[in-house]
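Colleague:
2 protein chains.
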Amino acid sequence: MKRSERIVAMTHHFKENPNQMISLPYFVETFQSAKSSISEDIDIIDHMFHTLGIGRLQTTAGASGGVRYLPDYSKDNGSEFISELIELLEDPKRILPGGYIYMSDLLGDLNKVRTMGKIFSAAFKELEVDYVVTVATKGIPLAYAIAEVLNVPVVIIRRDPKVTEGSTVSINYVSGSSRKIQTMVLAKRSIKEGANVLLVDDFMKAGGTIEGMISLMKEFDATVKGIGVLAEAEDEEEDLRIDDYVSLVKIQEVDERAGTINISKGNYFY
Amino acid sequence: MKRSERIVAMTHHFKENPNQMISLPYFVETFQSAKSSISEDIDIIDHMFHTLGIGRLQTTAGASGGVRYLPDYSKDNGSEFISELIELLEDPKRILPGGYIYMSDLLGDLNKVRTMGKIFSAAFKELEVDYVVTVATKGIPLAYAIAEVLNVPVVIIRRDPKVTEGSTVSINYVSGSSRKIQTMVLAKRSIKEGANVLLVDDFMKAGGTIEGMISLMKEFDATVKGIGVLAEAEDEEEDLRIDDYVSLVKIQEVDERAGTINISKGNYFY
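Chains as they are written, first to last, in my numbering: chain X, 1 to 270; chain F, 271 to 540.
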């Protein structure tokens, strides 16, 4: 097989299997090519991935050795994307009664969600988590976009128990903004004991939901290694109860009467 | 830039932007290479994508011309994947009280969900839909995996209205299996009028939920072009109310006492 053909197939393979160790003999057999040729292919792909700002190929020597694609997303690229996102979010038409902002269309846009996932994955790439955990509904696409890059499963906490989940663990918590008692439910078999998890949600105000997720994770003996929220907003009445998290945007002010929204970049960029 | 380097960058670009027309001058400028070289690169990539069974590059001549990656997933590859999935699903440990099957772990596995998305996208590639529509919660990952390939947005119907959605349209419907009256809610601004949609869900028994989705789509003047469900099961008490859909697996029998599950391939493979 020609080098250019091998490079198409290998680029495809790395992009489909991020963070996964692939042995060199696998490529040698698949393409019926010499190990030295495969190594040169890997150097070319690594160089281009670096140039494109999408990560590196990491080669490990030895018996259990191989090559692994470690995706990345530069802070500069991330910052540029978030600037464009803020422009879209500051459209006054997005203001909803109560001073909320309509974001569902952006969370339904695959290209945007996948880019958010790449930014978060770059932020959390050192964590070595076993699961990305989110709570239904809006955080789900974000969780999948992150898990795709980190190459780990997604676990979805529900608001209501469902018969198709089997036995569950549930907790009650007080939502920060509405002060209502709410419930979170998670199937017992969804997380292995002693797991490391990354918590993800679309929006955080007083932090009640994230706090609920943290309590629920304790029930599973899971360690919360990181917390990511797409948008954070200040709560006028209550201080934020969570102190260590990564946000991509911060909603500074929504003025319903004047029809203005003021959004800045999240803490990841400062 | 060398051919092999260009090919890495172009393969990456096509895979990130399926079903999107890219003008040849874009590549000519980006890589500072002759149009004839770019055309040869495209031929090589097209040939390898075809060999890998992941689709073709379609080149269009003329002023608005360019090249577009049309992803595909062969029925043979799909069938092989589904056989493996059935083996996992037939594990007696998955049986839940009431004869349900635990599937959340499989729907949380990115590699599996993305492959399901590729199979569905291949099944629906001719439809030219504007949105993939699903209902919270379990259909969401599947919907995103399909939308990623079809390059269209995802719209999520909720079970409960939420203040962050703005004004909504809601309908009540009778769930086939539980005979309970349930509600579906969708934000008014989520779908443009006259849209073509693909409905997606993880599970279908009597078809009540899909029927509810169809009713809701009528309220938005949307045309349902296709319906995809991961798993279908027969309802002993009620006939299926939906007749035109694609399923990947069919749950034939779950025997709680004997601890056996019998699953066959869905109608897509027959």
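All C-beta atoms, glycine included, are put in the ideal place defined by N, C-alpha and C.
(1) Over what stretch of residues does the alpha helix (DSSP H) that includes Gly-208/X continue unbroken?
(2) State the start and end residues of the unbroken alpha helix (DSSP H) segment that holds Leu-469/F.
(3) Let me check understanding here. Comparing Cα to Cα, which of Ser-215/X, Thr-11/X, Leu-52/X, Leu-106/X lies closest to Asp-202/X?
(4) Given a threshold of 16 other Cβ atoms within 10 Å of its Cβ, counted over all protein chains shown, does His-50/X qualify as buried or as exposed?
(5) Name the DSSP beta bridge partners of Asn-532/F, please?
(6) Tell me which residue opens and which closes the alpha helix (DSSP H) that Leu-359/F is part of.
(7) Can you tell me where the beta strand (DSSP E) with Ile-22/X in it begins and where it stops?
(8) Would you kindly work out how many angstroms separate the C-alpha atoms of Lys-188/X and Gln-58/X, rounded to a whole number?
(9) In the DSSP output, what is Tyr-401/F paired with across the bridge?
(10) For Lys-285/F, would you say it is in contact with chain X, using Cβ-to-Cβ distances shorter than 8 angstroms as the test?
(11) Assuming Pro-411/F is part of the alpha helix (DSSP H), what are its boundary residues?
(12) Quick one, which residues of the region 470-483 of chain F are near chain X if we go by CB-CB under 7 angstroms, in chain order?
(13) Beta carbons nearer than 8 angstroms to chain F: which residues of the region 88-101 of chain X have them?
(14) Who pairs with Thr-168/X in a beta bridge, going by DSSP?
(15) For the region 499-506 of chain F against the region 338-346 of chain F, are there 3 or more C-beta pairs whose distance is under 8 angstroms?
(16) Short of 8 angstroms Cβ to Cβ, which residues in the region 165-194 of chain X face chain F?
(17) Looking at chain X, is there any beta carbon in it that lies within less than 8 angstroms of the beta carbon of Glu-507/F?
(18) Pull up the DSSP beta-bridge partners for Ile-157/X, would you.
(19) Measuring CA to CA, which of Val-155/X, Glu-40/X, Ser-37/X is closest to Val-129/X?
(20) In this structure, does DSSP put Arg-241/X in helix, strand or coil?
(21) Can you round the beta-carbon distance between Met-454/F and Val-467/F to whole angstroms, since I take them to be within the 8 angstroms contact cut?
(22) Looking at the secondary structure, which residues open and close the alpha helix (DSSP H) in which Val-113/X lies?
(23) Determine whether the beta carbon atoms of Met-21/X and Gly-66/X lie at a separation below 8 angstroms.
(24) Are the beta-carbon atoms of Val-132/X and Val-200/X separated by less than 8 angstroms?
(25) What span of residues does the beta strand (DSSP E) with Ala-503/F cover, start to end?
(26) Report yes if the CB atom of Met-483/F is closer than 8 angstroms to the CB atom of Val-499/F, and no otherwise.
(27) Between Ala-153/X and chain F, is any beta-carbon pair separated by less than 8 angstroms?
(28) With DSSP collapsed to three states, give me the class of Ile-7/X.
(29) For the candidate residues Ile-441/F, Val-405/F, Val-524/F, Ile-461/F, whose alpha-carbon lies nearest to that of Val-422/F?
(30) Answer with yes or no whether the minimum CB distance from Pro-141/X to chain F is below 8 angstroms.
(31) Could you have a look at Ile-45/X and say whether DSSP puts it in helix, strand or coil?
(32) Rounded to whole angstroms, what's the CA-CA distance from Ile-277/F to Ile-44/X? Just pull it up for me.
(33) Are the Cβ atoms of Glu-219/X and Val-169/X separated by less than 8 angstroms?
(34) Using C-beta distances below 7 angstroms, list every residue in its chain close to Gly-55/X, excluding the 5 sequence neighbours before and after it, in chain order.
(35) Can you list the residues of chain X that Asp-375/F reaches, using a CB-CB cut of under 8 angstroms?
(36) DSSP puts Val-377/F in a beta bridge; with which residues?
Modeller: According to the structure shown:
(1) Residues 208-219.
(2) First-last for Leu-469/F: 466-474, but that is the beta strand (DSSP E), not the alpha helix (DSSP H).
(3) Leu-106/X
(4) Per the 10 Å Cβ criterion, exposed.
(5) Glu-523/F
(6) 345-359
(7) Per DSSP, Ile-22/X belongs to no beta strand (DSSP E) and is neither H nor E.
(8) Roughly 36 angstroms between the two C-alpha positions.
(9) Val-467/F
(10) By this cut-off, Lys-285/F is an interface position.
(11) Where Pro-411/F is concerned, the enclosing alpha helix (DSSP H) stretches over 410-420.
(12) none
(13) Leu-96, Pro-97, Gly-98, Tyr-100, Ile-101
(14) Bridge partners of Thr-168/X: Ala-187/X.
(15) no
(16) Against chain F - using a Cβ distance shorter than 8 angstroms - the residues of the region 165-194 of chain X are Glu-165, Gly-166, Ala-187, Arg-189, Ser-190.
(17) no
(18) Beta-bridge pairing links Ile-157/X to Val-135/X.
(19) Val-155/X
(20) coil
(21) Going by Cβ atoms, the distance from Met-454/F to Val-467/F rounds to 14 angstroms, so no, they are not a contact pair.
(22) 110-123
(23) yes
(24) With a cutoff of 8 angstroms on beta-carbon distance, Val-132/X and Val-200/X are scored as near each other.
(25) 493-503
(26) Not in contact: Met-483/F and Val-499/F (Cβ atoms no closer than 8 angstroms).
(27) As written in the sequence, residue 153/X is Pro, which differs from the Ala given in the question. Yes, Pro-153/X counts as interfacial toward chain F.
(28) In the structure shown, Ile-7/X sits in a helix (DSSP, three-state: H, G or I).
(29) With distances taken between Cα atoms, Val-422/F lies closest to Ile-461/F.
(30) yes
(31) helix
(32) 10 angstroms
(33) yes
(34) Phe-49, Tyr-69, Leu-70, Pro-71, Asp-72
(35) The answer, in chain order, is Pro-153, Arg-189, Ser-190.
(36) At residue 377/F the sequence reads Leu, which differs from the Val that was named. In DSSP, Leu-377/F forms no bridge with anything.
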